[in-house]
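Notes follow the structure.
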Amino acid sequence: MGYFEIIERYQTKSEQEEQDRFLMLEQMDLTGNKILTRENEAAHMTSSAVILNPALDKMLMIHHKIYDTWTWTGGHADGEDNPLGTAIREAREETGIEKMMPLSKDPISIEVLPVFGHQKKGAYVSTHLHFNTSFVLIAEETELLVLNEEETNGVQWVPVVKIGEYSNEPMLIEIYQKIIRFAQSAYKSKARQNGMEGKL
Numbered sequence: 001m002g003y004f005e006i007i008e009r010y011q012t013k014s015e016q017e018e019q020d021r022f023l024m025l026e027q028m029d030l031t032g033n034k035i036l037t038r039e040n041e042a043a044h045m046t047s048s049a050v051i052l053n054p055a056l057d058k059m060l061m062i063h064h065k066i067y068d069t070w071t072w073t074g075g076h077a078d079g080e081d082n083p084l085g086t087a088i089r090e091a092r093e094e095t096g097i098e099k100m101m102p103l104s105k106d107p108i109s110i111e112v113l114p115v116f117g118h119q120k121k122g123a124y125v126s127t128h129l130h131f132n133t134s135f136v137l138i139a140e141e142t143e144l145l146v147l148n149e150e151e152t153n154g155v156q157w158v159p160v161v162k163i164g165e166y167s168n169e170p171m172l173i174e175i176y177q178k179i180i181r182f183a184q185s186a187y188k189s190k191a192r193q194n195g196m197e198g199k200l
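In terms of my numbering, the sequence shown opens at residue 1 and continues consecutively.
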């Protein structure tokens with residue numbers, strides 16, 4: 001399912017999501033498929049993932065070189081009209097983990113994220129917006145972690161109760177906590193029904 005269909009059918013859970021969804025759809029109508037690429041410099045589609053262990057008490061975080069903080073995995077669609085596929089691709093590239101299971105094929109959250117001007121590969125990137133779809137991926141802590149030396153300084157499991165000690169981005173901390181609360185409610189309920197609590 002592509003970005004437009006995902007955003008169009010997404011059931012918003014807050015005023016923030018309702019307003020962000022409206023802006024996304026408005027810009028998608030104006031720009032068409034160009035919004036899937038970075039050629040649309042003012043705003044483009046991205047996907048991110050909160051990666052949790054099966055117990056849902058640890059989050060896999062990366063230390064991002066550009067943002068200089070511990071954060072979630074994610075990145076640009078770069079022409080790929082597959083929100084979940086983008087989230088999984090970026091999670092693998094940034095952590096090295098191959099085996100992971102999406103909590104849902106639909107995003108858990110949507111948000112418009114500001115990206116302030118910065119240098120990347122020797123060139124200045126102007127302030128712009130990321131139209132983001134957020135997913136939950138479940139992975140075992142025993143999975144091999146591989147540092148992406150080009151983009152990150154570290155990758156590690158962080159107790160969810162300590163995320164605020166690692167991240168210096170209040171807006172994202174709030175998003176992480178919202179997504180984790182949803183995952184704990186939805187995944188544990190599903191696990192109890194299947195008799196698989198604490199397992200992939």
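For each residue, glycine too, the CB sits at the ideal point set by N, CA and C.
The structure displayed is predicted, hence computed values, not measured ones.
Under the rule that a run must span 4 or more residues, the alpha helix (DSSP H) segments found entirely inside the region 162-190 read 163-166.
Residue environment analysis places E8 among the exposed positions, since fewer than 16 neighbouring C-beta atoms fall within 10 angstroms of its C-beta. Less than 8 angstroms separates the beta-carbon of T46 from that of H130. By the beta-carbon neighbour count (other beta carbons within 10 angstroms, threshold 16), F135 is buried.
Counting along the chain, A123 sits inside the beta strand (DSSP E) bounded by residues A123 to V125. Counting only residues of its own chain and dropping the five nearest sequence neighbours on each side, A77 has a CB closer than 6 angstroms to the CB of L36, M45 and T86.
DSSP places I7 inside the alpha helix (DSSP H), whose first and last residues are Y3 to R9. Secondary structure of V160 (DSSP, three-state): helix. Following the DSSP letters along the chain, one finds F116 in no beta strand (DSSP E), marked with neither H nor E.
By alpha-carbon distance to L60, the top candidate from I108, G154 and D20 is G154. Collapsing the DSSP output to three states places A87 in a helix.
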